[in-house]
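There are 2 protein chains.
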Amino acid sequence: MSSAEATDTRSRILEAARRLLVDGAGAATRMSDIAKAAGVSRQAVYLHFESRAALLIAVTKHMDAVLGVQERLKPTRAARNGEDRVKAFVAFWGAYVPEIYTVARALMAMRDSDAAAREAWDGRMAAVREGCAAAIAALEREGRLRPNWTLTTATDLFWAMLSVPVWEQLTQGCGWSSTDYIERIQTQALATFATPG
Amino acid sequence: MSSAEATDTRSRILEAARRLLVDGAGAATRMSDIAKAAGVSRQAVYLHFESRAALLIAVTKHMDAVLGVQERLKPTRAARNGEDRVKAFVAFWGAYVPEIYTVARALMAMRDSDAAAREAWDGRMAAVREGCAAAIAALEREGRLRPNWTLTTATDLFWAMLSVPVWEQLTQGCGWSSTDYIERIQTQALATFATPG
DNA sequence: CCTTTCAATTTACATGATGTCAATTGACAC
DNA sequence: GTGTCAATTGACATCATGTAAATTGAAAGG
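From first to last, the protein sequence lines stand for chains S and Z.
Per this note's numbering, the first sequence starts with residue 22, numbered consecutively.
Per this note's numbering, the second sequence starts with residue 22, numbered consecutively.
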């Protein structure tokens, strides 16, 4: 069955790309590396993906399915107050970023040269912003958002605190563990945005 | 006088590069663009600078001189207490980044592919970290550093808050003005690190 | 059995950037 | 004049992405 084989090859490419991006050369991974790892010719990759950018974008989607993002987000939605929600979202994010980091970096690096990559990245980040906005809104509903902030400005800043480069600098550069990152960003977010309990 | 002419050409290249990076195509600026703008051949650029990375690094140094970094840092050192010092450093940074931003971006983008660029960038960022550390240390000397933080962890996080990508996201992405940025990051830094007045 | 179809292969090529090399020009200094 | 040195010109190497065309091989279906 040719279409089943095709799907199979496509998946093999996707998996090979994911593996190389996560464990291998990271953002420096080339199309030929991926082809070799998948056991196909370089041109076969272009048969399934329009461009390097399209492949990277497909890998991120593939990973979301594998990692079960929706499942991981449940505690966030279950939070019973604003403070819990902020903490839950930071905890989700702090556990999630390490798994997508190298792929995210590759996509980020392509933003300058490829419009599709830029759009895909912006879309993912817009989804993260939604999560930030929901947490801030929960605080605000309880009257616990500090008067310095509006919904928008607090969301902007919370979102920036959670950006991938910040995570990168703190964990890769400063040697923070995942737990360190989560606890300290939770602390900062509450100190910044929430009125004392 | 041949050596005077050489210096002159070198300066013209540097200035052309600076102009293109700041006002022109930004990080996408090519060696040939710079040569054309300086009115010399592309190869003449390589006569003065080993590589694109070396040229970018030279541009940042050139800009520090032009922008008078030391002068701008004076208010920071003149601050009479920790809170003032934190605020002064954020104010300095918030006024400084817009001027170096596009050049910084070009250098950042080269980090992956060029070791010299990476080193140069890390060096600049290490200097910024010094500024962060000094401000945090001033707070701590007054017993106003919140007990959640150590000198190191607070410096790490303050430094990350001031990173260029955060500035970029807030000002370019979220539309914050320079004043917005300065005021709000000051607020966040004090809320996070300083015990209430 | 033969033919169509379609994924995949092989090989070659186009492009666009950085960086290298060698021969040449032109001006100024001694 | 002759040597020196910056700069020019033009060709070339390299390395990655992406394109194109001809070919193979296997499965599906009359």
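Note that beta-carbon positions come from the ideal geometry of N, C-alpha and C, so glycine has one too.
None of these values were measured; they are calculated from a predicted model.
Per DSSP, the continuous alpha helix (DSSP H) segment holding residue 179/Z begins and ends at 172-182.
Rounded to the nearest angstrom, the Cβ distance from residue 77/Z to residue 120/Z is 16 Å, too far for a contact under 8 Å. Residue state for residue 100/S is assigned as coil, using DSSP reduced to three classes. Interface flag for residue 54/Z against chain S is unset, since no Cβ pair is found closer than 8 Å. For the region 129-142 of chain S, residues whose beta-carbon sits nearer than 7 Å to a beta-carbon of chain Z comprise 130, 133. Just measuring C-alpha positions, the residue of 74/S, 70/S, 215/S sitting nearest residue 172/S is 215/S.
Contact check for residue 133/S and residue 48/Z: beta-carbon distance about 6 Å, within the 8 Å limit, so the pair qualifies. Counted as a single uninterrupted DSSP element, the alpha helix (DSSP H) harbouring residue 214/Z occupies residues 199-214. Here the region 84-104 of chain Z makes no contact with the region 60-71 of chain Z; the two share fewer than three CB pairs at distances below 8 Å. Within chain Z, the residues 208, 209, 212, 213 have their CB atoms less than 8 Å from the CB of residue 213/S, given in chain order. Beta-carbon to beta-carbon, residue 186/S and residue 168/Z are separated by about 28 Å, too far to satisfy the 8 Å threshold.
Against chain Z, the beta carbon of residue 153/S has no neighbour under 7 Å; the closest one sits roughly 11 Å away. With distances taken between CA atoms, residue 177/Z lies nearest to 206/S out of 58/S, 104/S, 206/S. At least one CB of chain S lies nearer than 8 Å to the CB of residue 169/Z. Between the region 148-168 of chain Z and the region 105-114 of chain Z, the count of C-beta pairs closer than 8 Å reaches three or more; the two stretches touch.
In terms of beta-carbon proximity, residue 205/Z lines the interface with chain S, with at least one pair separated by less than 8 Å. Within the region 102-155 of chain S, the complete alpha helix (DSSP H) runs of at least 4 residues fall at 103-131. By the neighbour-count criterion, in which a residue is buried when 16 or more other Cβ atoms sit within 10 angstroms of its Cβ, residue 112/S is buried.
The alpha-carbon separation between residue 155/S and residue 164/Z amounts to approximately 36 Å. According to the DSSP assignment, residue 73/Z belongs to the alpha helix (DSSP H) that extends over 73-88.
Non-local C-beta neighbours of residue 31/Z in its own chain, meaning closer than 6 Å and more than five positions away in sequence, comprise 69, ordered along the chain. Burial of residue 37/Z is indicated by the presence of at least 16 other C-beta atoms within 10 angstroms of its C-beta. A Cβ of chain S is located within less than 8 Å of the beta carbon of residue 184/Z. In terms of Cα proximity to residue 55/S, the closest of 43/S, 34/S, 131/S, 74/S is 34/S. Within chain S, no C-beta atom comes nearer than 9 Å to that of residue 114/Z; the closest sits roughly 15 Å away. Here residue 93/S really is in contact with residue 117/S; their C-beta atoms are around 6 Å apart, less than 8 Å.
For residue 190/S, the chain Z residues whose C-beta falls within less than 9 Å of its own C-beta are 146, 177, 180, 181, 184, 186, listed in chain order.
Exclusion of the five residues before and after residue 142/S leaves 128, 129, 132 as the residues of its chain whose Cβ lies within less than 7 Å of its Cβ.
Within its own chain, no residue has a Cβ closer than 7 Å to the Cβ of residue 195/S once the five positions on either side in sequence are excluded. At a cut-off of 8 Å between beta carbons, residue 46/Z makes no contact with chain S. For residue 174/Z, the neighbours in chain S by C-beta distance under 7 Å run, in chain order, 205. Taking 8 Å as the cut-off, the beta carbon of residue 114/S is found no closer than this to the beta carbon of residue 150/S.
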